[in-house]
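Visitor: Below are the structure tokens for one structure; questions will follow.
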Amino acid sequence: MSDLIAVERVGKRYLTGSGPIEALRDVRGGLVVPDGGRVVVDGRPVTGPDPRRVATVFQEAGLFPWRTALENIEFGLELQGVPRGQRRAVATELLGPLGLREFGAKYPRELSGGMRQRVAIGRALAIDTQIILMDEPFGALDEQTRLLMGEWLLDIWRRTRKTVVFVTHSLHEALALSTRVVVMTARPGRIKSVLELPMAYPRAMESADLIALRAKLWSDIRDESLRAMGDA
Amino acid sequence: MRVALIRLAILGALVLAWELLARAANPLLYVPPSVVVPALGRLLVLDSYPELPQSLLLTLREIVIAYALAIAAGLGCGFVLGLNRLVGRAYGPILAALYAVPAVVWYPSLMLFFGLDAASKIAFGFLLGFFPITLAVLAGVRQVNPHMVLVARAFGARPAVVFAKVMVPAMLFTLVGGLRTGLALSVIGVIVGEILGSKGGMGALINHAYGLFRTADYVALVLVTLALVVASDVVASLVERRAQRWSD
Chain E
9 MSDLIAVERV GKRYLTGSGP IEALRDVRGG LVVPDGGRVV VDGRPVTGPD
59 PRRVATVFQE AGLFPWRTAL ENIEFGLELQ GVPRGQRRAV ATELLGPLGL
109 REFGAKYPRE LSGGMRQRVA IGRALAIDTQ IILMDEPFGA LDEQTRLLMG
159 EWLLDIWRRT RKTVVFVTHS LHEALALSTR VVVMTARPGR IKSVLELPMA
209 YPRAMESADL IALRAKLWSD IRDESLRAMG DA
Chain S
286 MRVALIRLAI LGALVLAWEL LARAANPLLY VPPSVVVPAL GRLLVLDSYP
336 ELPQSLLLTL REIVIAYALA IAAGLGCGFV LGLNRLVGRA YGPILAALYA
386 VPAVVWYPSL MLFFGLDAAS KIAFGFLLGF FPITLAVLAG VRQVNPHMVL
436 VARAFGARPA VVFAKVMVPA MLFTLVGGLR TGLALSVIGV IVGEILGSKG
486 GMGALINHAY GLFRTADYVA LVLVTLALVV ASDVVASLVE RRAQRWSD
């Protein structure tokens, strides 16, 4: 169960609608109470924030400005009562893969947007859950940084083999990163279609099958986007 | 360095002007620095007012107690009002209105309630220090980025942990600013209280000196009191700078 799942979300506001697929948001650290249905991970229900099983990365990095990059990465472990030396070791080990080796002692204001987001991802990786929820983690970044971060995330994912639920508006991100894409309707948000993407990484985005998938994905999304635009 | 030089020059000019103007006027009312400095010397060797150490200590003790009470009540009140939105919205404006009332109007009643001894000075220092601390907490709570609270909760933080690890550090700068203002006002409250009516402390000495037209002694006492106030503010500003380094 180590898939990288990307979800193409159509229109931000499906979140406020109702329906079983709200579950996606609900699992998000268990911060939202579902209107109906249940959120289940490995057969056990999620009823609240559950940092032992699910880690979360938000669109805004949400780093604590009074903590260094290292201390931010340690945050989840600190809450779990991991001793200082041990959590420092875990966080320090993560700096390399995060591309932040020189930046552990820097404060968030001294880091670029991409670096901050990597710290936020490091904070999620540090608590070593099987599932990581990423809610448009690269949405606030510029295009170039975003592409590079996608490549970087693939690399991390191949090393850690975690299940990543990745919410995105970007067709490119969905197709380049996912083993499975779930398209959601405009509100109320429901699953509209599911695409399986068995291709190997890194993907040649110009290959015939990806271009075909892209067309299929877009046709699924287009109607929903139009509806979302009408809603707005 | 240059700032220090300019500051020194301004001070020098002021002292010089004071000397020249005071010499030209009634020596009973206006004392030049050349008279104040010897008076200050006599004060410090406990010649003119042998009870200076006890008075200083009494004033200091009143300040410490008043400030400690102001911190406890200010933080308590501030957090209760700040974290309970309903109570805060109901009570906040009342608090702000009370703060706007010149606090001296309360002092007569405080003397009636608490007598002429230390208690009424402590009460007045407390009253003055309490408001800025409470209001700083209220402002600080509003400052906390809700996204950070959300993040902390997603990582499993319970309310008490959110409070200690997110809210307090996030509002630290505002909080420390309020504490600094609170200290300054507590000091003012205690000293003003002593001057308005008391049997001990620096204020009583000051009253005594100017009541007897011992103007040079009076000015010397004021200078000692000033040193006390400045020292407390220097300590507070050091703490504040430390907090500033922490926050964004």
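Going line by line, the protein sequences match chains E and S.
Converting from the first sequence to this note's numbering requires adding 8 to each position, the first position being numbered 1.
Converting from the second sequence to this note's numbering requires adding 285 to each position, the first position being numbered 1.
All residues carry an ideal CB built from backbone N, CA and C; glycine is no exception.
1) What number of angstroms, rounded off, separates the C-alpha of Cys362 of chain S from the C-alpha of Leu513 of chain S?
2) Say whether chain S places a C-beta atom closer than 8 Å to the C-beta of Gly89 of chain E.
3) Can you tell me whether Met456 of chain S is helix, strand or coil according to DSSP?
4) As an exercise, report each continuous alpha helix (DSSP H) stretch of at least 4 residues that is fully enclosed by the region 373–408 of chain S, in chain order.
5) Taking Cβ positions, are Ile135 of chain E and Pro59 of chain E nearer each other than 8 Å?
6) Does DSSP classify Ser201 of chain E as helix, strand or coil?
7) Apply the 10 Å Cβ neighbour rule to Asp217 of chain E and answer buried if 16 or more other Cβ atoms are within range, or exposed otherwise.
8) DSSP three-state label for Ala505 of chain S, please.
9) Count the other C-beta atoms from every protein chain shown that fall within 10 angstroms of the C-beta of Arg465 of chain S, then say buried if there are 16 or more, exposed otherwise.
10) Could you tell me whether any Cβ in chain S is nearer than 8 Å to the Cβ of Glu84 of chain E?
11) Give the list of continuous alpha helix (DSSP H) stretches no shorter than 4 residues that lie fully inside the region 407–473 of chain S.
12) Below 9 Å between beta carbons is the criterion; list the residues of the region 444–463 of chain S that meet it against any residue of chain E, in chain order.
13) Can you list, in chain order, the residues of its chain whose CB lies under 8 Å from that of Ile13 of chain E, leaving out five sequence neighbours each side?
14) Using a Cβ-Cβ cut-off of less than 7 Å, list which residues of the region 63–76 of chain E approach chain S; keep chain order.
15) Gly441 of chain S CB to nearest chain E CB: under 8 Å?
16) For Met487 of chain S, would you say it is in contact with chain E, using Cβ-to-Cβ distances shorter than 8 Å as the test?
17) Residues in the same chain with beta-carbon distance under 8 Å from Asp402 of chain S, minus the five sequence neighbours each way, listed in chain order, please.
18) Look at the Cβ atom of Pro417 of chain S, then the Cβ atom of Leu366 of chain S, and state whether they are nearer than 8 Å.
19) Spell out a yes or no on whether the region 432–443 of chain S and the region 66–80 of chain E are touching, meaning 3 or more CB-CB pairs, one atom from each, closer than 8 Å.
20) DSSP puts Leu314 of chain S in a beta bridge; with which residues?
21) Mind the definition here: the region 46–56 of chain E touches the region 100–119 of chain E only if three or more C-beta pairs lie below 8 Å; say whether that holds.
22) Using C-beta distances below 7 Å, list every residue in its chain close to Leu481 of chain S, excluding the 5 sequence neighbours before and after it, in chain order.
Guide: So, to answer that:
1) Along the second sequence, one-based indexing puts residue 362 of chain S at 77. Along the second sequence, one-based indexing puts residue 513 of chain S at 228. Near 29 Å, if we compare the C-alpha coordinates of Leu513 of chain S and Cys362 of chain S.
2) For the purposes of this step, residue 89 of chain E is taken as the residue at position 81 of the first sequence. Taking Cβ atoms only, chain S never reaches closer than 8 Å to Gly89 of chain E, which makes this a no.
3) Taking the second sequence and counting its residues from 1, one reaches residue 456 of chain S at position 171. Helix at Met456 of chain S.
4) 392–399
5) Within the first sequence, the letter at position 127 stands for residue 135 of chain E. Within the first sequence, the letter at position 51 stands for residue 59 of chain E. In contact: Ile135 of chain E and Pro59 of chain E (Cβ atoms closer than 8 Å).
6) As a position in the first sequence, residue 201 of chain E is number 193, starting the count at 1. Strand.
7) As a first step, residue 217 of chain E must be located in the first sequence, where it is residue number 209. Exposed, by the Cβ-count rule.
8) In the second sequence, counting from the first residue as 1, residue 505 of chain S sits at position 220. Helix, per DSSP.
9) Along the second sequence, one-based indexing puts residue 465 of chain S at 180. By the neighbour-count rule (16 or more Cβ atoms within 10 Å), Arg465 of chain S is buried.
10) Within the first sequence, numbered from 1, the residue matching residue 84 of chain E stands at position 76. It should be noted that the sequence gives Gly, not Glu, for residue 84 of chain E. Interface residue, yes.
11) 431–439 and 444–447
12) Val446, Lys450, Val451, Pro454, Ala455 and Leu457
13) To locate residue 13 of chain E, count along the first sequence from 1; it is residue 5. Because Ile13 of chain E sits at a pLDDT of 46, beneath the cut-off of 50, its placement in the model cannot be relied upon, and the following sentence gives the value as read from the coordinates. Thr171, Val172, Val173, Phe174, Ser186, Thr187, Arg188, Val189 and Val190.
14) Thr64, Phe66, Glu68, Gly70, Phe72, Pro73 and Trp74
15) Within the second sequence, numbered from 1, the residue matching residue 441 of chain S stands at position 156. For Gly441 of chain S, the answer is yes, since a Cβ of chain E falls inside 8 Å of its Cβ.
16) By one-based count along the second sequence, residue 487 of chain S stands at place 202. Output row for Met487 of chain S: interface = no.
17) Working through the second sequence from its first residue, we reach residue 402 of chain S at position 117. Only Ser483, Lys484 and Gly485 meet the Cβ criterion.
18) Stepping through the second sequence from its first residue, residue 417 of chain S is reached at position 132. Stepping through the second sequence from its first residue, residue 366 of chain S is reached at position 81. Contact: no.
19) yes
20) Stepping through the second sequence from its first residue, residue 314 of chain S is reached at position 29. Leu314 of chain S pairs with nothing; no bridge assigned.
21) no
22) Within the second sequence, numbered from 1, the residue matching residue 481 of chain S stands at position 196. Same-chain partners within the cutoff: Tyr392.
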